[in-house]
Amino acid sequence: MKYIKGFDTALSKLEKLFLITSLTTMVVLAFVQVILRNFFSTGLLWVDELTRHLVLWVGFVAACIAAHEGRHINIDVLARKLSGRSKAFVEIIINFASFSICLFLLKASWRFVSVEMEFGERAGSLPLPVWVLEIIFPITFILISFRFGLRGLENLFKLVSESKS
Numbered sequence: 011m012k013y014i015k016g017f018d019t020a021l022s023k024l025e026k027l028f029l030i031t032s033l034t035t036m037v038v039l040a041f042v043q044v045i046l047r048n049f050f051s052t053g054l055l056w057v058d059e060l061t062r063h064l065v066l067w068v069g070f071v072a073a074c075i076a077a078h079e080g081r082h083i084n085i086d087v088l089a090r091k092l093s094g095r096s097k098a099f100v101e102i103i104i105n106f107a108s109f110s111i112c113l114f115l116l117k118a119s120w121r122f123v124s125v126e127m128e129f130g131e132r133a134g135s136l137p138l139p140v141w142v143l144e145i146i147f148p149i150t151f152i153l154i155s156f157r158f159g160l161r162g163l164e165n166l167f168k169l170v171s172e173s174k175s
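Taking my numbering, I'd label the letters of the sequence shown as residues 11 to 175.
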């Protein structure tokens, strides 16, 4: 479990690096686009489209980081009212339910990307197929599923070890 947690932490650092790089790129590209449009009456066609897709990527990668840090949106009305073993048990159920939902979304997003691959449509002014820009959906659902599953297993092992002692 120690190695898996280490892998998860390293992955989170890579995600944060990606966020910093993407946000910086978006700000610089938007600034350049404004300068080009206002002072030179021109612009780069691909900047607006790339920025839109980067916003999507940033949002999904940020969701991965939120899942890693346990700062994602959750409905914990029941868990807040409980304590001890019953709270731990409810948290296990919540994590495994979230894991299952993310696996379902992973399957749906993979189907979506597969259809896009089949059609082979190009991404407007970008020299890429659309599916390359949408591959972030299944990737992030894999990561979020992994994190909910990991947290569920951690809570389960913790609950089992507490009951043995």
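Here a beta-carbon is modelled for each residue, glycine too, at the ideal position from N, C-alpha and C. The model shown is predicted, which means the values in this text are computed figures rather than measured ones.
DSSP-derived helix/strand/coil call for Pro148: helix
Whole-Å CB distance - Asn105 paired with Gly53, under 8 Å assumed: Rounded, the Cβ-Cβ distance is 47 Å, inconsistent with contact.
Candidates Val140, Gly134 and Ser135, of which the one nearest Leu125 by Cα: According to the sequence as given, residue 125 is Val; it is not Leu. Comparing Cα-Cα distances from Val125 to each of Val140, Gly134 and Ser135, the minimum goes to Val140.
Complete alpha helix (DSSP H) runs within the stretch 63-138 (minimum length 4 residues, chain order): 87-91 and 94-129
Per-residue burial, Leu60 [other beta carbons within 10 Å of its own, 16 or more giving buried]: buried
Own chain, CB closer than 6 Å to Phe147, minus 5 neighbours either side, in chain order: Ser119
Ser135 and Leu66 closer than 9 Å at C-beta: no
Same chain only: Cβ atoms within 6 Å of Leu64, ignoring 5 sequence neighbours per side: Ser32 and Met36
As assigned by DSSP and simplified to three states, the class of Thr31: helix
Local Cβ density within 10 Å of Phe158, reported as buried at 16 or more and exposed below that: buried
Where Met36 sits in the DSSP three-state scheme: helix
Leu54 in three-state terms, based on DSSP: coil
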